[in-house]
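Reading through the structure tokens given below for one structure.
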Amino acid sequence: MNKPLIIGIDLGTTNSEVAFVHATRPEILRDGDDGILPSCVGVDDNDRLIVGTKARNQAVAYPERTVLSVKRKMGEEKEIPLAGKSYTPQEISALILQELKEKAEKALGREVAHAVITVPAYFTDAQRQATKEAGAIAGLEVVRIINEPTAAALAYEGSNAGDDKRTILVYDLGGGTFDVSIVRIEDRVVEVLASTGDNRLGGDDFDDRIIQWLVRELKQNHRLDVTDNRAVLARLKSCAEKAKIELSRADTTRIEADHITEEIHLSVELTREALEEMIREDIDRTMRSVTKALRDAAVTPGGIDRILLVGGSSRIPMIARMLKEKLKIDPSKEIDPDLCVALGAGIQAAREMGVDTSGVLIDITPYTFGTSAAEINEEGLDPHVFVPLIQRNTKLPVSHTETFYTMVENQEVALIQVFQGEKQNALDNILIGSYQFDLSNSEAGSMITLQYDLDLNGILKLEAVEKKTGRKLNAVIDNVFACENPDRIRNSREKINGETSMGAAETPGKADPGTATIPADITGTLTLAREKLDNAAKEDQDEIIDLMEEITDAVEDKDFEKARAICDELEDLLFYID
Ligand code: AMP
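Under numbering that gives the first Met the number 0, read the sequence shown as residues 0 to 577, first letter to last.
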């Protein structure tokens, strides 16, 4: 009997592809086309569901009958209206997956029921689950979900087998998501050292900035307000994207749209320079993520051998320019940024089928996991100190054991809690498991060991052992990578806490933040700046001091958002100082 085939799928925000390893090379599967399927779903004039190019082509004329960028909605509960009916994001994605499955079956001449699907590194559990569910709806068992930058690196490794050790920066900017990863390849082993990003940033945002500019143009020059006109906005979206893509090649372009109203025709010129101004803040944000990824991976900018560009939006020339300025090397152009991820998914699919693809993929945990313990310090008893057992960016699988001691005489139970996060106060992290461990009423100071084992599939096994009696507690938590995006939750929590405590400390007419009310990340940056100040060159010292003062001013004004923005700038500067 034939072994079941497994295909590799890049389910992108804008486009999707399917790949398969033939002999030793991954190939994009085609059906008389270029293999790129627009991730669009629509309903045609005859009320039939349509997928891909057809759906994309009707998007301008029938926005109410077309769904674009559904990937941005994955994991959300809200249904998507489409021509009088409503669908879950999984259902819409399943239609795209079904199309890819059929394409693969035609190309391979066999039924396909298994797939590896890629997702952005920072997709939450809900989003990963929704992706799996979409596969199931489409009749595909998702045997593995892998992160997009990991897949890209695999594709790169495949085309450079035999090369020496190198450290690669994967910069992946697509239609709706951004990831940057530091990947090390050595002896054909691919290892992801760090990964960070923003799952709400991409080419769609750049289109939006151009649309906003066009809306303003229409208001100023034609006294026409199209803010609420969906049909016109959809047309402007298409014009904006076309112009944006053209400006990756040319210095100027003309945006033209006839009959916005009966007598109004839009015709304006947009330069690359103007577009760069519109999106500069977004691109700066991606560059700050690059710095963060380097820092997380403990790699200096000079330690990067290659820059790999992935995703359609990475073709914007400003990005290569800024990366070159930052890392002093030109980004590689060997692999098509649109196909890289799908090719890597194809390689992983081959591995799942037991095909020898020489390189070995090592994944990392994107989150820190730990427990809560009581601690007595100078200020008294702190009942919820976070003790990390597995640190973010550690290679998987990983196992770690810590020893704890009971606090009181005749202690009957110990509460073993599992948290995901990095905050010192365990309660500020996300609780993902809580277990009562019955003890043998022994004296205070009895030893308990706690072991966490985390595997590649996000299964966390926990074992607590009471040393004296050998009594054990075992627990398994599935899908620990499926928790909510910790950064977002952390930021919201800090925002709320910051505002509440500031409110309490405030006296009328006077804002006195006091160190206790400054969020920890901001104090952290200020402390780091003080530590590094002496080692900085004179001109850097002046700039550091200026930025520190600006941060303090922003904190005094209770403008934490501004303070954090300046912190980012300061951290960029500090990164280059020992
Ligand atoms: P992806 O999600 O990787 O398929 O990327 C799609 C995004 O890339 C869309 O926002 C496209 O408009 C954008 N894109 C594709 N080609 C280019 C280009 N040459 N210049 C700028 N953006 C592009």
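Idealized CB from N, CA, C, for every residue including glycine. Note that the structure is a prediction, hence the values are computed from the model and not measured.
In this structure, the ligand AMP has no non-hydrogen atom nearer than 7 Å to the beta-carbon of Thr251.
Between the ligand AMP and Asp203, a heavy atom-to-CB distance of less than 7 Å is present. DSSP places Arg183 inside the beta strand (DSSP E), whose first and last residues are Phe177 to Glu185. Counting only beta-carbon distances shorter than 5 Å to the non-hydrogen atoms of the ligand AMP, the qualifying residues in chain order are Gly11, Thr12, Thr13, Asn14, Gly173, Gly174, Gly202, Glu240, Ile244, Ser247, Gly310, Gly311, Ser312, Arg314 and Ile315.
The beta carbon of Lys105 lies closer than 7 Å to those of Asp30 in the same chain, with the five residues before and after it left out. In terms of Cα proximity to Gly83, the closest of Val66, Leu36 and Lys72 is Val66.
When the Cα atoms are used, Ser266 and Thr252 turn out to be separated by approximately 10 Å. The DSSP-derived three-state label of Met73 is coil.
With 16 or more neighbouring CB atoms inside 10 Å of its own CB, Ile91 falls in the buried class. For Ala239, the enclosing alpha helix (DSSP H) begins and ends at Arg229 to Glu245. If you ignore the 5 residues before and after Asn428, its C-beta comes within less than 8 Å of the C-beta of Gly369, Phe385, Phe418, Gln419, Gly420, Glu421, Lys422 and Pro485, all in its own chain and listed in chain order. In this chain, the alpha helix (DSSP H) harbouring Ser288 covers Arg271 to Ala296.
For Thr299, the three-state secondary structure derived from DSSP is coil. It is roughly 11 Å from the alpha-carbon of Ile210 to the alpha-carbon of Lys243.
Gln57 places its beta carbon 8 Å or farther from that of Arg47.
By the neighbour-count criterion, in which 16 or more other beta carbons inside 10 Å mark a residue as buried, Gly34 falls on the buried side. Spanning the alpha carbons of Gly74 and Thr130 requires a straight line of approximately 8 Å.
Under the rule that a run must span 3 or more residues, the beta strand (DSSP E) segments found entirely inside the stretch 0 to 51 read 5 to 10, 14 to 21, 24 to 27, 40 to 42 and 48 to 50. For Lys2, the CB contacts under 7 Å within the same chain, skipping 5 residues up- and downstream, are Met352 in chain order. For Gly134, the enclosing alpha helix (DSSP H) begins and ends at Asp124 to Ile136. Cβ-Cβ separation between Val354 and Val20: approximately 6 Å, consistent with a contact (criterion under 8 Å).
With a 10 Å radius around the Cβ and a threshold of 16 neighbouring Cβ atoms, Ser194 comes out buried. Taking C-beta separations shorter than 7 Å and ignoring five residues to either side along the sequence, the partners of Phe436 in its chain run Val412, Ala413, Ile415, Ala463 and Leu472, following chain order. Secondary structure note for Val340: its alpha helix (DSSP H) is the uninterrupted segment Cys339 to Glu351.
Per DSSP, the unbroken alpha helix (DSSP H) holding Glu98 starts and ends at Pro88 to Leu107. The three-state reading of DSSP puts Gln423 in coil, since its state is none of H, G, I, E or B.
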